[in-house]
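Add 376 to the 1-based position in the sequence shown for my numbering, that's all there is to it.
Worksheet: the structure to be examined is printed underneath.
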Amino acid sequence: MSVAARLTELGIELPAVAAPVAAYVPAGVHAGLVYTSGQLPFVDGALPAVGKVGAEVSAEEAKSYARTCALNALAAAADAAGGVDRIAGVLRVGGFVASAEGFTGQPGVVNGASDVLGEIFGDAGRHVRAAVGVAELPLGSPVEVEVTFLLA
377 MSVAARLTEL GIELPAVAAP VAAYVPAGVH AGLVYTSGQL PFVDGALPAV
427 GKVGAEVSAE EAKSYARTCA LNALAAAADA AGGVDRIAGV LRVGGFVASA
477 EGFTGQPGVV NGASDVLGEI FGDAGRHVRA AVGVAELPLG SPVEVEVTFL
527 LA
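Here you go:
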């Protein structure tokens with residue numbers, strides 16, 4: 377099944393590629409891979425929440441934002457690669473969680489990204505990963521995700 381067909385089956389519509397907030401491109405292609413810049417959970421050009429996970433933002437909310445970040449990353453990768461069906465799978469996910477003092481649930485938050493990529497790509501969505509707690513993220517975002525995709 378094509379990636380586009382799988383997205384339709386799941387009822388997922390990829391968002392428009394988020395405009396960069398600084399001097400970078402959303403995704404780049406090299407040697408059979410598509411690397412995305414860190415993606416924030418923009419929805420229609422705005423962040424749905426700001427703040428630290430474990431304080432202003434719950435872990436469950438942040439998990440849903442990580443899912444949004446992964447879909448934003450897929451949209452950026454598809455744009456750079458020439459279409460979503462040019463994406464064959466996922467190699468690596470890097471997740472950054474703006475964490476309140478004492479919050480240690482970063483892996484559960486980043487599962488939001490990993491889970492949706494697994495739903496879309498099946499076994500080809502299995503990936504290596506880092507889930508890191510940080511003091512601050514751009515624009516006050518609670519989460520940021522970068523993904524390295526495999527080209528078809």
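A virtual CB, placed ideally from N, CA and C, is assigned to each residue, including glycine.
- Of the residues assessed, Glu389 falls on the exposed side of the cut-off, its CB having fewer than 16 other CB atoms within 10 angstroms.
- If one requires a minimum length of 3 residues, the beta strand (DSSP E) runs lying completely within the segment 449–498 are 463–474, in chain order.
- Spanning the alpha carbons of Ala425 and Val433 requires a straight line of approximately 8 Å.
- Across the set Val510, Ala489, Asn448 and Gly465, the C-alpha of Gly465 shows the shortest separation from the C-alpha of Met377.
- The Cβ atoms of Ala489 and Val473 lie no closer than 7 Å to each other.
- Using a C-beta cut-off of 8 Å, the segment 379–397 makes no contact with the segment 478–485, since fewer than three inter-stretch Cβ pairs fall below that distance.
- From the listed residues Gly498, Ala454, Ser475 and Pro483, the smallest Cα separation to Pro402 is found for Ala454.
- According to the DSSP assignment, Ala506 belongs to the beta strand (DSSP E) that extends over Val504 to Val510.
- Counting only runs of 4+ residues, the alpha helix (DSSP H) found wholly inside the segment 378–415 occupies 379–386, in chain order.
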